[in-house]
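Residue numbers (UniProt numbering): 1 to 527. A virtual CB, placed ideally from N, CA and C, is assigned to each residue, including glycine.
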Amino acid sequence: MDDSFVTINRKALGRVAFLGSLYDVRTDRFSRETLFNDTIPDVAIKTVDIPHTHYDYVEKDTYAEKFSKLNVEAALKVSILSGLVELEGSGKYITNEKQTDKTFKAALIYHISTKEEQLIINHSILSQHMSYEAFQSSNATHVVVGIKWGANCCVTFEQQLKDKNNARDIEGRLKAQLTKALGPVGSIGIDGNTQIGEGEISKQASFSVQFYGDVVINTEHLPQSVDGVLHVMKNIPAFIERSNEGKGKQLEYILYPLQQVARAFKQPIKTDIILKEINGAIIQQIEHDIDEFLIAKRRFNDFFTLVESFKEHIPRKYYNGVKNKNLELINEYCKFQDEIKTNLTKLRSNTANENEIQIVLERFRRSCCSSQGIDEYFRENIKLKEKCQLLSLFQKKGISLVKESVSPELLPQEHDNTDIYIIYISDELQENERDKWIQQYEYFMKIMKNTKNQSMSSDTTEPEFFLVDYDVHTNIDKSQGVKIHFYRNGTKITDDYYTYQNKNLTESTPVERNQQQQGKEETNGST
């Protein structure tokens, strides 16, 4: 279908243009040229009031949800998704992507419309102000003949999650308080009047707040809290009054085909451009596939963050492997966007067909960026994840992890005024000597518990506990297996504490053995 003669709409999303500005629908970008060489006479402009105010609460951080709430046109969606269009102002909210599943994130979109300007394109007076060179432009297909004014303000609220179940509670409180302050989601009246209460939400939770607005606010007045957001929302009408004679900022453009204007004024045009637009179903596929990738990428980011936090405590090849995978995902996604961008521009210029975009989509779905591809990567690296989770557990219990740059042999000298226990492990030993690993691990934990209790009930110095990974410290002979080394005041007592303790019990007399058995938990920390 030839779209060359169709009037279209495009959301501004922070992009600034005026009546007469030229636009290229092939790239969804404004040209620097304009149809008029001086100010348009007021008689050729019709202005109507369109007062309306409403807000939306955005629960899902996906392109589909954001586009829906902002009512973005399908053609502009795919231009944004492919990177053809750079957004400004409130539009930057769309490309602000959630990076992790370990945070709660929601958004508030506050919308005010004020006026609509319409260019009376067939008014005879316009011919006196027209720049006829504009019809020779190869970078324009349409001209702005209408502008809807007002303001969009988009605010994101983000908070670290203590656990997955915490998200629903946070969302419930935030949404309830915003609804109480702003009124029911949706329209809140023609004049924008609403009772905005402050001081309640901040008592419930502390959020990281990001503000993306079409209103000009001094840096010191940018909201840093939920209460600050409510205060700004309350004053948006006042901000609008100070912008463009009370109209606010551009919200939406109505675009008229340049070829039609040329014909109306009997002007030659450089070339008759046949325009096509991508099928809506394909746009939905692109939107869906990108959302699926970004959701899966959040899970990968969390995995990468976990591995990165232990990069000095795991074999370097493991960390490098995950880091390289991250670069591969980023590069593959950028390549996908570039291919969509290139083929989209060709298709809109009628020099390519939709099959080429379908091929790009199919290749992306088979790539490492697909949600299935990322899930498969997780399955292949489940042991690395479990290893990092185990190291995290050790740290939480107070065990120091000995990193690659530290020599385990120096630990006794560096801690020669107390008892120290060092457990030696490796991935291979944990798998091949499972029973022994569990035995030594449980015993190590038992020593920690008993010595801690003993230190709390006496004036003795609390011992220190370390973990050495043979896979990290490759110069250490791991043939000795999973064992616990015990040192007192810098001197090695035994390199197999479990056997040492049990041997002492075995060699004792019955009376001594009974006494030792009764006091075993105490001697675990002092022998």
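| Asked | Found |
| --- | --- |
| Between residue 81 and residue 290, is the Cβ-Cβ spacing less than 8 angstroms? | yes |
| Assuming contact is defined by CB atoms lying nearer than 8 angstroms, are residue 444 and residue 476 in contact in what I supplied? | no |
| Expressed to the nearest angstrom, what Euclidean distance is found between the alpha-carbon atoms of residue 190 and residue 114? | Bear in mind that a pLDDT of 34 at residue 190, under 50, signals an unreliable position, so the model cannot answer this. |
| Where DSSP assigns a beta bridge to residue 151, which residues make up the other side? | 112 |
| Check whether the stretch 400-411 touches the stretch 362-373, taking contact to mean three or more Cβ pairs, one atom from each stretch, closer than 8 angstroms. | no |
| With DSSP run on the structure shown, which of helix, strand or coil describes residue 401? | strand |
| When we look at the beta-carbon of residue 199 and count the other beta-carbons within 10 Å, is it buried (16 or more) or exposed? | Unreliable placement is indicated for residue 199, whose pLDDT of 46 sits below 50; no coordinate value is reported for it. |
| Let's see if you can read the secondary structure: which residues bound the beta strand (DSSP E) around residue 252? | 249-257 |
| For residue 168, name the three-state secondary structure that DSSP assigns. | helix |
| Along the chain, where does the alpha helix (DSSP H) containing residue 360 start, and where does it finish? | 354-365 |
| With distances taken from CA atoms, which of 297, 448, 426 is nearest residue 396? | 448 |
| Under the three-state reduction of DSSP, which class applies to residue 210: helix, strand or coil? | strand |
| Does the distance from the C-beta atom of residue 8 to that of residue 255 stay below 8 angstroms? | yes |
| Could you give the distance in angstroms between the alpha-carbon of residue 46 and the alpha-carbon of residue 260? | 20 angstroms |
| Tell me which residue opens and which closes the beta strand (DSSP E) that residue 63 is part of. | From DSSP, residue 63 is part of no beta strand (DSSP E) but of the alpha helix (DSSP H) over 63-70. |
| On the DSSP bridge assignment, give the partners of residue 142 in chain order. | 23, 257 |
| So, residue 242 versus residue 26, is the Cβ gap smaller than 8 angstroms? | no |
| Confirm, please, whether the CB-CB distance from residue 368 to residue 332 is below 8 angstroms. | yes |
| Considering just the uninterrupted stretch of the alpha helix (DSSP H) at residue 299, what are its terminal residues? | 280-309 |
| Run the CB neighbour count on residue 313, radius 10 Å, all protein chains shown included, and call it buried at 16 or more, exposed below. | buried |
| Helix, strand or coil: how does DSSP classify residue 42 here? | helix |
| Between residue 85 and residue 29, what straight-line distance do the alpha-carbon atoms span, to the nearest angstrom? | 7 angstroms |
| Which term fits residue 434, buried or exposed, when burial requires 16 or more other beta carbons within 10 angstroms of its beta carbon? | exposed |
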